[in-house]
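For what it's worth, our numbering labels the leading residue of the sequence shown as 1, then goes sequentially.
A virtual CB, placed ideally from N, CA and C, is assigned to each residue, including glycine.
Model, not experiment: these values are computed from the prediction.
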Amino acid sequence: MKRMLFVLIVSFAISTAIFTFQNHNAESAESSEYFALGCIREYPSNQPTMASFATSPPSWDWRNINGINYMTPVKSQGACGSCTAFAALGAFEAVIKIKQNITTDLSEAHLFFCSGGDCDTGWYISSTLDYLNDYGTPDENCFPYDGAYDGNNLPCSNTCDGWQDRAWKIDGWGWVDEADIKNALITYGPLIAGMDIYDDFYDYWNNPDAWPDQVYNHSYGTERGGHAVVLVGYDDAGGYWICKNSWGTSGGLNGYFKIKYGECGIENSVAYLTYTPSDENNPPVANFTYTPTSPTTQDNIQFTDTSYDNDGSIVAWQWNFGDGTSSNEQNPIHRYEDDGIYNVTLTVTDNDGATSTITKEIIVTNMPPVANFFYSPSNPRVSDVIYFYDESYDSDGEIISWFWRFD
């Protein structure tokens, strides 16, 4: 009997994990914002009690600790049920900033799809954090999320080569007992929280001013599924938690929301993560792009540095354009006088002196000449001698032969 009940609960959780509501009323760039869910709810119990502060502060908000905002920008999961990845990395990016004062942008796509998530059925907080602990996730540029925004599953193989060298890993994670949430929030940083979503939450998201003090509490509507968010702070006087969502910034309180204590099971599955920065300096990763991608000898090519340094900053750039010229600018512009194949090399140096080099082959083509001519007389008659005058030109060379046809 217990086995049957367990199967029914899991089936229900998965079948209701995703509910996508498209907002047609917003008047911003996010007027087609999707409100997807995706958290398959877990209800851990008998968690160890943490040591508590003698006196907990009456309020806490990681967006303003001594005037510093430790949260990274709000993102949008779109129509994919990937909220567990957005919640996990929303918390992790903040913890990195707290520990190292580094702003990171980590890949939700890698964490979600490579850990077993599916846009249609969602995923578990525990499985997401297990993967982040065991393997980590690279930066956003290594596996961009763009293709998943409309609800498309992406293959894990989309991750860039050598991603393990770019991965950020947590040291561990754990569930938090309801009585210890505030303590864990202050001790470890922002937390990951699962919650139930009802119809009225979408109404709140579109118009939080309709709720007293902009604090959500469930009062009507059908349950639509589970959702994972970042628990950022609390306020005892108002009796609410402060959370960061993954539905963009056009709704809620600029992408955040306040929810009354005890609502929607938000205290039932809360997780913290631990992270210890390495004392060893990690070298930067050199990379660049260029436009146009098929340049000619007449083009001014814009080279754009896309290098990054996980644990510091890049302080120097050295370009070699393969034609005997170089530059120390971060984003130089260069023009080749001759067509050919050139090896462009960028070497970057971080603030601890570590370097990284990348070389890319660029094919520069010759601009073809422009053929033109005129003739005299301009209105010739039969038996007139007509003189043809070449007006062709070659902007990057010289014309060496002419072939006329008088068909």
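Query: Straight-line Cα distance separating residue 160 from residue 147; Result: 15 Å
Query: Among 228, 94, 208, the one whose alpha carbon lies nearest that of residue 267; Result: 228
Query: Cα-Cα separation between residue 119 and residue 207, rounded to whole angstroms; Result: 27 Å
Query: Backbone secondary structure at residue 303 - three-state DSSP; Result: strand
Query: Chain-order list of residues whose beta-carbon lies under 7 Å from that of residue 300 (same chain, five-residue window excluded); Result: 333, 335
Query: Three or more C-beta pairs below 8 Å linking the region 347-361 and the region 252-261; Result: no
Query: Own chain partners of residue 386 with C-beta closer than 8 Å, once the 5 adjacent residues on each side are dropped; Result: 375, 376, 377, 380
Query: Residue 225 - containing beta strand (DSSP E), residue span; Result: 223-235
Query: Straight-line gap, residue 235 to residue 189 (C-alpha atoms, nearest Å); Result: 16 Å
Query: Exposure of residue 39, with buried meaning 16 or more beta-carbon neighbours within 10 Å; Result: buried
Query: Segments of 3+ residues assigned as beta strand (DSSP E) that fall wholly inside the region 311-376; Result: 314-320, 340-350, 355-364, 373-376
Query: Collapsed DSSP secondary structure at residue 211 in the structure displayed; Result: coil
Query: CA nearest to the CA of residue 420, picked from 220, 233, 361, 76; Result: Past the boundaries of the shown model lies residue 420; the chain is included only from 1 to 407, so the question cannot be answered.
Query: Whole-Å CB distance - residue 243 paired with residue 193, under 8 Å assumed; Result: 7 Å
Query: Within the region 248-308, ranges of the beta strand (DSSP E) (whole runs, at least 3 residues); Result: 256-260, 270-274, 288-291, 301-305
Query: Under 8 Å between C-beta atoms of residue 145 and residue 109; Result: yes
Query: Delimiting residues of the alpha helix (DSSP H) encompassing residue 88; Result: 83-100
Query: Nearest-angstrom Cα separation, counted from residue 116 out to residue 433; Result: Residue 433 lies beyond the range of the chain shown here (1 to 407); nothing can be said about it.
Query: Rounded straight-line distance, which links the Cα of residue 286 to that of residue 32; Result: Unreliable placement is indicated for residue 32, whose pLDDT of 45 sits below 50; no coordinate value is reported for it.
Query: Straight-line Cα distance separating residue 72 from residue 95; Result: 10 Å
Query: Helix, strand or coil at residue 132 according to DSSP, with G and I counted as helix; Result: helix
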